[in-house]
Amino acid sequence: MTVFEGRFTDIGGLRIGIVVGRFNDLVTAKLLSACLDALSRHGIDTSPGSEQLDLAWVPGSFEIPLVAQRLAASGRYQVLITLGAVIKGDTPHFDYVCAEVSKGVAAVSRSTGVPVIFGVLTTDTMQQALERAGIKSNLGWSYALQALEMGSLMAALPSAGSTNPPS
Numbered sequence: 007m008t009v010f011e012g013r014f015t016d017i018g019g020l021r022i023g024i025v026v027g028r029f030n031d032l033v034t035a036k037l038l039s040a041c042l043d044a045l046s047r048h049g050i051d052t053s054p055g056s057e058q059l060d061l062a063w064v065p066g067s068f069e070i071p072l073v074a075q076r077l078a079a080s081g082r083y084q085v086l087i088t089l090g091a092v093i094k095g096d097t098p099h100f101d102y103v104c105a106e107v108s109k110g111v112a113a114v115s116r117s118t119g120v121p122v123i124f125g126v127l128t129t130d131t132m133q134q135a136l137e138r139a140g141i142k143s144n145l146g147w148s149y150a151l152q153a154l155e156m157g158s159l160m161a162a163l164p165s166a167g168s169t170n171p172p173s
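Following my numbering, the numbering of the sequence shown begins with 7 at its first residue and continues without gaps.
Next comes the structure, spelled out in C-alpha cells:
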C-alpha cells in the first residue's frame, strides 16, 4: 500500500501564487501578513523579487476566480492561495458573491489540476472577520500551511498515465 501525504519539508522549489481581494482590506491585509509569515517560516522566499512567490491584487472577492484561473493556466505555479473577505450586509449581494467566488475557485482547481486554497472569509459581521484575521487567531497562517501541504502532496502523487509513484 502506498500512502501519499503532503510534507512541510523539502518544499524549497515550490512556486506559489497568491490572489488577494482589496475590498475589506482591513481584513485581507491581515490574512496576507500571516500567510506570508507562515510561508517564510517554512522556507519560502517571500522577499520582494522572489522567484518563489507572486502576488496579485484584485478589486474584490468576485474577481478572484478569474485571476486565479489565469495564474493556474500559466503553468508557473504548483499551488495558489486566494484571500478575501465577504461580509454580510442587508442585501442578497453577499449570497451571490459567496456562491460565485466559491464555485469559481473550485472550478479553477478542478479544470487546471493546480490546488487552489480557498482563503475567502464569509462572515456575518466585520467583528467575525477580524477575529478570523488576527484578533483571536489568523487563518492566513492556516491557508499557507494548506498550500504547502497540497503543493507537496501533488508533487508526490503519480502523474497521469503513470503506474509508479514518483521517487
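Note that the Cβ used here is the ideal one computed from N, Cα and C, for glycine as well.
Query raised in the report: Would you report the Cα separation of residue 6 and residue 55, rounded to the nearest angstrom?
Result: Any question about residue 6 goes unanswered here, given that the chain covers just 7 to 173.
Report task. Give a yes or no on whether the minimum CB-CB distance between residue 131 and chain C is below 7 angstroms. Result -> In summary, chain C is missing from the structure at hand, where a single protein chain is found.
Query raised in the report: Around the Cβ of residue 121, are there at least 16 other Cβ atoms within 10 angstroms (buried) or fewer (exposed)?
Result: For the purposes of this step, residue 121 is taken as the residue at position 115 of the sequence shown. That one is buried.
Requested in this report: Identify, in the order they occur along the chain, each residue of the same chain with its Cβ nearer than 8 angstroms to the Cβ of residue 103, setting aside the five sequence neighbours on each side.
Outcome: Walking along the sequence shown from the start, residue 103 turns up at place 97. For residue 103, where only same-chain residues beyond five positions count, the Cβ hits under 8 angstroms are 66, 67, 68 and 92.
Query raised in the report: Where in the region 107–165 do unbroken runs of the alpha helix (DSSP H), each at least 4 residues long, occur, reported from the N-terminal end onward?
Result: Entirely contained in the region 107–165, the alpha helix (DSSP H) runs reaching 4 residues are, in chain order, 132–138 and 145–162.
**Report entry** Whole-angstrom C-beta distance between residue 146 and residue 38, which should lie under 8 angstroms
**Finding:** The residue given as residue 38 occupies position 32 in the sequence shown. The residue given as residue 146 occupies position 140 in the sequence shown. Right, the Cβ-Cβ distance comes to about 6 angstroms (below 8 angstroms), so this counts as a contact.
Query raised in the report: DSSP three-state call for residue 26: helix, strand or coil?
Result: Residue mapping note: residue 26 aligns to position 20 of the sequence shown, counting from 1. Residue state, collapsed to three classes: strand.
Query - Proximity winner among 8, 113, 83 and 26, relative to residue 19 (alpha-carbon distances) - result: Residue mapping note: residue 19 aligns to position 13 of the sequence shown, counting from 1. Here the closest residue by C-alpha is 83.
Report task. Assign residue 70 to one of three DSSP states: helix, strand, or coil. Result -> Residue 70 sits at position 64 when you count from the first residue of the sequence shown. Helix, per DSSP.
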